[in-house]
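Below you'll find the structure, written out as structure tokens, and then a few comments.
Number of protein chains: 2
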Amino acid sequence: MLTTKRQQIILSILKKQLNATIHELSEATNASISTIRRDLEQLEKEEKLKRVHGGASYIQTKLYEPKLEDKQGLNEVAKEQIAIEAGSLVEEGDCLFIDAGTTTRHILPHLVGKNNVVVTNAYHFVDFLLRQGIETYITGGRAKSKTGALIGVQAEDSLMSFRFDKCFVGINGIHPVHGFTTPDPEEARIKRMAIELSREAYVVADETKFQEVSFSKVADLKKASIITDLNETTLISALAKLTEVRVVNK
Amino acid sequence: MLTTKRQQIILSILKKQLNATIHELSEATNASISTIRRDLEQLEKEEKLKRVHGGASYIQTKLYEPKLEDKQGLNEVAKEQIAIEAGSLVEEGDCLFIDAGTTTRHILPHLVGKNNVVVTNAYHFVDFLLRQGIETYITGGRAKSKTGALIGVQAEDSLMSFRFDKCFVGINGIHPVHGFTTPDPEEARIKRMAIELSREAYVVADETKFQEVSFSKVADLKKASIITDLNETTLISALAKLTEVRVVNK
DNA sequence: TCAAATATCAATCATAATCATCCAAATGTA
DNA sequence: TACATTTGGATGATTATGATTGATATTTGA
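Heads up: the sequence lines are chains A and B, in that order.
Counting with our numbering, you get residues 323 to 572 for the letters of the first sequence.
Counting with our numbering, you get residues 323 to 572 for the letters of the second sequence.
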């Protein structure tokens, strides 16, 4: 086996399980213990991993390392591209609403240094936003464990006291006739309110969300622009007659 | 098993339940008592946890008023004792307010299975509460990075829509004449409101908070009972004339 | 409240696992 | 073939582990 190939295997194992023993790696690559040792020595010099007694550990590259389940998500690249586009729309001093969701989560790192005020209904966004030095408000309400969103009358009431320059909302279904839809009626109400309270509203959605219809209607397509990685020209032009569509390339 | 892997497991257990016995950790990692001791010794040097007799305790990294004693995690045992007492006061079905703070944080693990509804102004409590299966509401408001509390008019407005059976509030200063005090005026307003909205109000405070006076007055002593580890009989009996004092022994 | 019973602690030791280093065999290259 | 590189195994040195011990700390029970 090629040396570089073997080292790639080592790194991919570490990326997956964060730690590995020398023996595990030796077995996975059919190389001897000594060879693995040499690989680890070299890869440590290149700062690709950290050696520990008995094996090696993955080096967390960024401050925010995406959680394991995120990392394995199929559409991570698309989400990141969409998030970059969304971030580029944000102007100095904008007051923003950012909805709970995995795609919207990706927008947060692209807000640095623009002096924004961010309101969110996702309690787990707050830490990250504060660490970036962004003035952060959170809506009140009942915490929903599955999506990490705040919902209910308290959430709606506290949302009412804000007005936004722009909002970014995640969505489950986009359909030319049925508009924007999402499974949870209470979440739908929050999304609808956020869109209504914004000067400019954007829905972020990767290609899997199109032609889908979910239980609760959020709004008609014309109410918000769409930012997506969708790659079907006919569908895009059909939607473009109803609202603005910003397409990013994967 | 890799040493680093084992230590990661230890830290994740502590993060989940805030404290653990040596035996628990030994069992969870299939390592001997001696090995766990060595791990704890090392992790304590790295300030990743605080050792206590019989086990270890989680060090809360973020939220903070920088009192030296707190920083070094010296009062972890006291906080846990206070939290146990607080938890024992909670009855089946109670609707609770739990204030942001390091001592109040310790109360959360003692709420399991009592079918409570919890309202909090600490955005970083939500994850833990939801994982315990507790119905959780959060006040809205501006997020303050130092203490992890939600403050401002939005927080006050959303707090107004609740009524509590019991509330547990952290405090910086307790003084027979000046009452309960805390540094931030906006946090003080939230604490005061929570106390007013509760049928029974409790202030949790370790011994370092007594005879201290801070900038903003929260309430008179008579407004809330005190749960503490204080060990000065003269001071306790003086305070006991003004309000209920529940003393736990370290 | 005090002393006995119990549990936990730090320190030490023998054992086992892993390490860095070296060397010879295997492989790749000119 | 001659040379450089890579590989796998062997060596003593280093480190991690688990059991033991006497010293402390905590709990129990009268």
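Glycine residues also receive a C-beta, built at the ideal position from the N, C-alpha and C atoms.
Treat the numbers as computed from the prediction; the structure is a model and nothing was measured.
Burial state of residue i (16 or more Cβ within 10 Å)
| i | result |
| --- | --- |
| residue 448 (chain B) | buried |
| residue 515 (chain A) | buried |
| residue 387 (chain A) | With a pLDDT of only 36 at residue 387 (chain A), under 50, the local geometry of the prediction cannot be trusted, and the value read off the model is given with reservation. Flag for residue 387 (chain A) reads exposed. |
| residue 428 (chain B) | buried |
| residue 453 (chain B) | exposed |
| residue 356 (chain B) | exposed |
| residue 328 (chain B) | buried |
| residue 446 (chain B) | buried |
| residue 475 (chain B) | exposed |
| residue 486 (chain A) | buried |
| residue 608 (chain A) | Nothing can be reported for residue 608 (chain A), as the shown portion of chain A is limited to 323 through 572. |
| residue 354 (chain A) | exposed |
| residue 478 (chain A) | buried |
| residue 562 (chain A) | exposed |
| residue 567 (chain B) | buried |
Cβ neighbours of residue i in the same chain (closer than 6 Å, five flanking residues each side left out)
| i | result |
| --- | --- |
| residue 376 (chain B) | 343 |
| residue 489 (chain A) | 419, 516, 520 and 523 |
| residue 434 (chain A) | 454 |
| residue 379 (chain B) | 341, 372 and 398 |
| residue 422 (chain B) | 443, 444, 469, 470 and 471 |
| residue 331 (chain B) | 351 |
DSSP state of residue i mapped onto helix, strand, coil
| i | result |
| --- | --- |
| residue 487 (chain A) | strand |
| residue 297 (chain B) | What the structure shows of chain B is the stretch from 323 to 572, and residue 297 (chain B) is not part of that stretch, so it cannot be assessed. |
| residue 461 (chain B) | coil |
| residue 441 (chain B) | strand |
| residue 374 (chain B) | strand |
| residue 324 (chain A) | coil |
| residue 342 (chain B) | strand |
| residue 356 (chain A) | helix |
| residue 362 (chain B) | helix |
| residue 552 (chain B) | coil |
| residue 562 (chain B) | helix |
| residue 420 (chain A) | strand |
Within 7 Å, strictly: CB atoms of residue i and residue j
| i | j | result |
| --- | --- | --- |
| residue 271 (chain A) | residue 498 (chain A) | No answer is possible for residue 271 (chain A): it lies beyond the span of chain A, which begins at 323 and ends at 572. |
| residue 509 (chain B) | residue 473 (chain B) | yes |
| residue 457 (chain B) | residue 439 (chain B) | yes |
| residue 526 (chain A) | residue 404 (chain A) | yes |
| residue 536 (chain A) | residue 504 (chain A) | yes |
| residue 492 (chain B) | residue 534 (chain B) | no |
| residue 549 (chain A) | residue 407 (chain A) | yes |
| residue 480 (chain A) | residue 480 (chain B) | yes |
| residue 370 (chain A) | residue 333 (chain A) | yes |
Cβ shell of residue i (< 8 Å), same chain only, five flanking positions each side left out
| i | result |
| --- | --- |
| residue 325 (chain A) | 361 |
| residue 555 (chain A) | none |
| residue 335 (chain A) | 342, 346, 347 and 350 |
| residue 507 (chain B) | 537 and 538 |
Beta-carbon contacts of residue i that lie in its chain and below 7 Å, excluding the five residues immediately before and after
| i | result |
| --- | --- |
| residue 541 (chain B) | 501, 502, 514 and 517 |
| residue 409 (chain A) | 429, 432 and 433 |
| residue 402 (chain A) | 428 |
| residue 552 (chain A) | 529, 532, 558 and 569 |
| residue 465 (chain B) | 445 and 472 |
| residue 394 (chain B) | Because residue 394 (chain B) sits at a pLDDT of 46, beneath the cut-off of 50, its placement in the model cannot be relied upon, and the following sentence gives the value as read from the coordinates. Hits under 7 Å: none found. |
| residue 544 (chain A) | 564 and 565 |
| residue 339 (chain B) | 431 |
| residue 337 (chain A) | 380 |
| residue 437 (chain B) | 414 and 415 |
| residue 426 (chain B) | 420, 490, 492 and 526 |
Check: residue i C-beta below 6 Å from any heavy atom of the ligand ATP
| i | result |
| --- | --- |
| residue 332 (chain B) | Looking at this structure, you won't find the ligand ATP or any other ligand, since it has none at all. |
* Would you mind listing the alpha helix (DSSP H) stretches within the segment 465–540 of chain A that are 4+ residues and don't spill past its ends, in chain order? => 475–482 and 507–518
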